[in-house]
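The numbering of the sequence shown is full-length UniProt numbering, which starts it at 1 and goes up by one. Before any comments, here is the structure.
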Amino acid sequence: METAKKHLIIIGFMGTGKTTAGQQLAAQINLPWVDTDQQIEQKWGFSVAEYFQRYGEASFREQETDVLQQLLSGPPSLITTGGGIVLKPENRAMMKEQGWVIHLYATPEEIIRRLSANRDRPLLQGDIRQKVRQLFRERDGKYDFADCTINTTSCSPDDVVEKILSFWQRRQV
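Structure follows, in structure tokens:
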């Protein structure tokens, strides 16, 4: 028996607008908004960057999977994720099975522009250009399971929300 999809899940590389879209979208659809990174921060009492520093990326990815499982087993919700949640095949499978998945995309150049002033990203320590390009290569194809991809490179946050709303409304028949 196929499980009915009950969640709207927004994935994408860091800096593509997932959190901004989630915050704005929550006010317009009848679903509570939860962010996987924020859930981890609340659970542990410190930032994702500090978690990475204390326990490393592998441990963080395990926490991310645990949080995702909890959210997906709960009531319908709007879920925004960290950019690396797609690295684990089990996460991709769970999201695909239990939710409508929207991939927010932006070019590496635009992501570098958006994130160049933000040094709180644990995976972007050092040369930001090199790190973004390296992470893009590592994650190539990992977002392809999404039901919809929205290129946010030249979009305002309002445009992105409008596109997500359009997608979501077509599925709520």
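Ideal Cβ positions, reconstructed from N, Cα and C, are used throughout, including at glycine.
C-beta contact flag for residue i and residue j at 8 angstroms
i: I11; j: V86; result: yes
i: R92; j: F167; result: no
i: P32; j: L68; result: no
i: T16; j: L104; result: yes
i: H7; j: P76; result: yes
i: I9; j: T81; result: yes
i: Q98; j: K5; result: yes
Between the CA atoms of residue j and residue i - distance to the nearest angstrom
i: S47; j: A106; result: 25 angstroms
i: A21; j: V34; result: 12 angstroms
i: E162; j: N30; result: 15 angstroms
i: M94; j: F60; result: 18 angstroms
i: I111; j: Q24; result: 20 angstroms
i: G84; j: T19; result: 14 angstroms
i: R114; j: W100; result: 26 angstroms
i: C155; j: F13; result: 16 angstroms
i: A58; j: Y51; result: 11 angstroms
i: V160; j: A26; result: 13 angstroms
i: R170; j: T149; result: 15 angstroms
Neighbour flag for residue i against chain B, beta carbons, 8 angstroms
i: F60; result: The question asks about chain B, but that chain is absent: this structure has only one protein chain.
Cβ-Cβ separation, residue j to residue i (assumed contact under 8 angstroms), whole Å
i: I102; j: D147; result: 7 angstroms
Those runs of the beta strand (DSSP E) which lie wholly inside the region 36-93 and span at least 3 residues: Residue ranges of uninterrupted beta strand (DSSP E) with 3 or more members, entirely inside the region 36-93 and ordered along the chain, are 78-80.
query: Between the region 39-46 and the region 128-139, are three or more C-beta pairs nearer than 8 angstroms?
result: In short, these stretches do not touch, since the Cβ pair count stays below three.
Contained beta strand (DSSP E) runs [length at least 3] in the region 109-171, N- to C-terminal order | Fully enclosed beta strand (DSSP E) runs of 3 or longer: 148-151.
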